[in-house]
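First comes the structure, then the notes that go with it.
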Amino acid sequence: MAIAQKKTVVRQFDGSVTWGYLPQNGFVSGETVEVLDTSGRVIPLALNQIKTIAYVKDFNLEGGTDPEQIGRRSFLSRPRAEGLWLKLGFRDNDSLEGLANFDLGFIESLLEDRGLTVSPPDARSNTQRLFVPRAALISVQVLGFIGAASKQKTAARVVSTIQTELFGE
Numbered sequence: 272m273a274i275a276q277k278k279t280v281v282r283q284f285d286g287s288v289t290w291g292y293l294p295q296n297g298f299v300s301g302e303t304v305e306v307l308d309t310s311g312r313v314i315p316l317a318l319n320q321i322k323t324i325a326y327v328k329d330f331n332l333e334g335g336t337d338p339e340q341i342g343r344r345s346f347l348s349r350p351r352a353e354g355l356w357l358k359l360g361f362r363d364n365d366s367l368e369g370l371a372n373f374d375l376g377f378i379e380s381l382l383e384d385r386g387l388t389v390s391p392p393d394a395r396s397n398t399q400r401l402f403v404p405r406a407a408l409i410s411v412q413v414l415g416f417i418g419a420a421s422k423q424k425t426a427a428r429v430v431s432t433i434q435t436e437l438f439g440e
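Residue numbers for the sequence shown follow my numbering, so the first one is 272 and each next one is one higher.
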């Protein structure tokens with residue numbers, strides 16, 4: 272069965288951008304990432320030179336310097352979705368906040384793909400998810416853990432006896 276390929280924009284530290292297709296996970300081979308570009312060629316990219324891999328809705332080939340269109344780089348307030356709220360510090364002194372699913376996929380991403388997958392702060396941006404290689408980071412700060420909304424326990428109803436006397440008479 273074929274692995275589904277998703278639209279990606281790969282940004283490297285030297286400023287170059289590569290548009291192509293990658294699966295959601297398991298795309299790291301040794302120290303390289305092999306991107307299937309828009310013309311159908313496989314382009315090997317060194318993992319240690321990649322800053323981010325953005326899974327995007329549209330390629331925005333005319334997007335100039337910002338084809339990912341990430342928008343905000345930090346949350347305006349506490350995120351509403353569940354997950355691990357992270358602040359990532361990059362080698363080039365850039366920073367970005369994101370929300371990582373804290374599940375088995377989080378561990379697999381760290382081990383197999385040697386990086387983190389986060390959702391960007393602006394859910395309406397062109398970027399749906401970001402993969403950040405471990406080699407691109409100098410710091411990861413956990414800002415919080417956002418759990419599921421707890422269900423409030425309903426108080427047990429006290430069954431009162433019928434009041435026979437109105438004012439204690």
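The C-beta atom is built at its ideal place from N, Cα and C for all residues, glycine as well. In this text the structure is predicted, and so the values were computed from the model without any measurement.
**Report entry** Beta-carbon proximity check, L355 vs L367, cutoff 8 angstroms
**Finding:** no
Query - Straight-line Cα distance separating V281 from R307 - result: In the sequence under discussion, the amino acid at residue 307 is Leu, which differs from the Arg named in the question. Each residue's alpha carbon lies about 11 angstroms from the other.
Query raised in the report: Can you pull the DSSP bridge partners for K322?
Result: Answer by DSSP bridge pairing: none, since K322 is not bridged.
Query raised in the report: F284 by DSSP, collapsed to three states: which one?
Result: coil
Query raised in the report: Of the choices V327, G311, T303, whose alpha-carbon is the least far from that of L318?
Result: T303
Requested in this report: Rank V313, G301, D337, R343 by C-alpha distance to the C-alpha of A394 and give the top, closest one.
Outcome: R343
Report task. Check whether the Cβ atoms of Q399 and Y326 sit closer than 8 angstroms, and answer yes or no. Result -> yes
Report task. Compare the Cα-Cα distances from N397 to each of G301, K328, Q320, N296 and report the closest residue. Result -> K328
Report task. Name, in chain order, the residues that DSSP records as bridge partners for R400. Result -> Y326
Requested in this report: Check whether the Cβ atoms of F373 and F416 sit closer than 8 angstroms, and answer yes or no.
Outcome: yes
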